[in-house]
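Asks: Just so you know, the sequence shown maps onto residues 1296 to 1788 in this note's numbering. Even glycine gets a Cβ: it sits at the ideal position worked out from N, Cα and C.
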Amino acid sequence: MLDCGTGGHALGEDLMSAGAEGLRGHILISHTHWDHIQGIPFFAPLFVPGNEWDIYGPKGLGQSLREVLAGQMDYAYFPVTLDQCGANIRYHDLVEGTFEIEDIKVSTRYLNHPALTLGYRLEADGVTVVYACDHEPHSNILADGEGEITGHDLQHARFITGADLLIHDAQYTGEEYPAKAGWGHSTLEYAVKLSNEAQVKRLALTHHDPSRDDDALDRLVASAKAKLMKNASPLEVFAAREGHALDLAHAHGKHFPGCVQGDFEAQTLVDGALTDLSVIIGIADLKTGATLFEAVQAEGIHAQFCSDPDAARKLIAENRPSLAILEHDPPSIDGLETCRAIRQQDNDPEHSLPVVIVASEQDQARGISAGVTDWLIKPFTGAYARTKVRAWVLRTACQAMRTLTPERQELRFAQRPLPVEPSRLRPKRAQGARRPTPHTGAENRRFPNDAISTEKAALLWMYCREVAPFETPSFRKKIGQLIAHATNTPAEM
Ligand SMILES: [Zn+2]
Ligand SMILES: [Zn+2]
């Protein structure tokens, strides 16, 4: 099962009528927003003793998948708690990677959504099904279905490539999108464009806008079909509907190899490893900086501030952070130029360091040429910022862990979640880049000096938040510089 919204009830009844005893199943949860999990308390097979269910999903902010699911069945909301379900239920926190459910190869990928969300690619019997809901274009110019697919939209297109069936978010239209930017949903035009270019065979549009009725939806599908026909595209598009059954023919002769060496096990426990990571924050705006600082701290990650491009480059060369968050507020602050400078220094064509630009609006054309990975558009909440930070550092951590030694790879493929050794987590260094300054004999204390300065910085940020009502632009700038100074030169403080 992919997610368990209100449809879970009818499916549960169906399975029960076919004989519920000894039923075994797997539920892949994209994220724990209510519309994706509210069917769980009404999914009858979970209440039958002897049944076995595995529930998978990304770990959200601070709580495991099980804790979040149990939360919606707290006694205040529901008479039966999750612990009282009769079936034997196992929970699996996932990250980006691959794993197997019997003969199905499952690949996961983080989607662009205000909550940490996974898309699922399932391969079995020569057939591929991809489920990508809820997801927003990384680049807003693609919302109209026009423009070049680049960066992480291109990665998303690769994730859906060749799917026999793609079930994709298409809540809005390109025309509606500007008012809904940042809500974490796709447009019909984006879903169609990516499917078309990724040679998807059938596209099921879903996550329909609740304010659109069936007739309006039919009209949208008809116009999408007409456009595809005009362009002689073989893509088949339809709107997913309740109770819709679809047979995907077994592709004879087509075989998938399952998980192979080099794939990253999606059930690896990486959370404990985050404490070894660092994030560079180059934000002059006081409130935004404080929000991001708190978001990074909440994930247990070390944050370092920088005040100018040179400082950013120096910190990156020395500490190999997992993420850089830079402000872009033209004409006074040119974060894109800083990003460009980082890319030039890094000599890393794959841009393995994610650079997220904080701005009031996307400047896609300049962003692409500067090597920007992602945008964080103001205003945003602390939880939204934390989700972005979490998705990027988890992705960097998992990519770094792919460079494990062959012996450890073997261990991993023995299907055992791997305890993480902090020293193995450093992102792979670009050739020719300088090594971090060694702290002799203190490998596990990566920032012995900075650890003190980070506390100072935290205190300063907290203090600044108190006095924020009295701030002026020059005060904010001064404080930003002061904090950057404090974090970079602890000896002088
Ligand atoms: Zn959602
Ligand atoms: Zn949703």
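Where are the beta strand (DSSP E) runs, 3 residues long or more, that stay fully inside the region 1411 to 1435, in chain order?
Replies: Here the runs fully enclosed are 1413 to 1419, 1422 to 1427.
Asks: So with Cβ pairs under 7 Å, would you call C1428 a contact of chain C?
Replies: The structure shown contains no chain C; it holds only a single protein chain.
Asks: Say yes only if the C-beta of H1328 is nearer than 6 Å to one or more non-hydrogen atoms of ligand 1, and no if none qualify.
Replies: H1328 Cβ: within cutoff of ligand 1.
Asks: Measuring only the C-alpha atoms, how far is G1414 from D1643?
Replies: If you take the alpha carbons of G1414 and D1643, they lie about 27 Å apart.
Asks: Going by alpha carbons, who is nearest to E1441 out of R1416, G1320, L1310, A1486?
Replies: Of the candidates R1416, G1320, L1310, A1486, the one whose C-alpha sits nearest the C-alpha of E1441 is A1486.
Asks: Go to A1499, then tell me how far its beta strand (DSSP E) extends in each direction, as first and last residue.
Replies: Looking at the DSSP string, the run of the beta strand (DSSP E) that includes A1499 is 1497 to 1501.
Asks: Between G1320 and E1362, what straight-line distance do the alpha-carbon atoms span, to the nearest angstrom?
Replies: Approximately 20 Å, taken between the alpha carbons.
Asks: Can D1240 be considered in contact with ligand 1, in the sense that its beta carbon sits closer than 6 Å to one or more heavy atoms?
Replies: Since the first and last residues shown for the chain are 1296 and 1788, residue 1240 lies out of range.
Asks: Suppose you measure from the CA of G1314 to the CA of P1374; what does that come to, to the nearest Å?
Replies: Rounded to the nearest angstrom, the two C-alpha atoms are 25 Å apart.
Asks: Quick one: which unbroken alpha helix (DSSP H) runs of 4-plus residues sit fully inside the region 1549 to 1622? Chain order, please.
Replies: Fully enclosed alpha helix (DSSP H) runs of 4 or longer: 1581 to 1593, 1604 to 1614.
Asks: Using CA atoms only, rank isn't needed, just tell me which of T1583, N1614, E1484 is closest to S1655.
Replies: When only C-alpha atoms are compared, the closest one is T1583.
Asks: Can you look up K1354 in the DSSP assignment and give me helix, strand or coil?
Replies: Of the three classes helix, strand and coil, the one that applies to K1354 here is coil, per DSSP.
Asks: Using 8 Å as the Cβ pair cut-off and three pairs as the minimum, do the region 1560 to 1570 and the region 1474 to 1488 touch?
Replies: The answer is no - the region 1474 to 1488 does not touch the region 1560 to 1570, with fewer than three Cβ pairs under 8 Å.
Asks: Does DSSP classify N1346 as helix, strand or coil?
Replies: N1346: coil per DSSP, three-state reduction.
Asks: What is the rounded straight-line gap between the Cα of E1622 and the Cα of D1542?
Replies: Whole-angstrom Cα-Cα distance: 49 Å.
Asks: Terminal residues of the continuous beta strand (DSSP E) containing H1331?
Replies: Taken as a continuous stretch (DSSP letters only), H1331 belongs to no beta strand (DSSP E), being part of the alpha helix (DSSP H) at 1329 to 1332.
Asks: Using CA coordinates, which residue listed in K1488, A1636, N1526, G1630 is at the minimum distance from D1658?
Replies: For D1658, the nearest C-alpha among the options comes from G1630.
Asks: Quick one: what does DSSP say R1638 is sitting in, helix, strand or coil?
Replies: Three-state result, R1638: helix.
Asks: Between E1395 and G1595, is the Cβ-Cβ spacing less than 7 Å?
Replies: No, these two residues do not count as a Cβ contact at 7 Å.
Asks: Within the same chain, show all residues whose beta-carbon is closer than 7 Å to that of V1684, passing over the 5 residues directly before and after it, in chain order.
Replies: If we look at V1684 and ignore the five residues flanking it on each side, its Cβ neighbours are V1574, A1590, V1591, E1594, L1618.
Asks: Would you kindly report the start and end of the unbroken alpha helix (DSSP H) that includes A1474?
Replies: Neither: A1474 is in no alpha helix (DSSP H) and is coded neither H nor E.
Asks: Would you decide whether P1432 is buried or exposed? Buried here means 16 or more other CB atoms lie within 10 Å of its CB.
Replies: Per the 10 Å Cβ criterion, buried.
Asks: Starting from F1454, trace the alpha helix (DSSP H) in both directions and tell me its first and last residue.
Replies: Its alpha helix (DSSP H) spans residues 1446 to 1455.
Asks: What did DSSP end up calling R1724 once you bin it into helix, strand or coil?
Replies: Confidence at R1724 is low in this model, with a pLDDT of 36, below 50, so the placement of that residue is unreliable and no value is reported for it.
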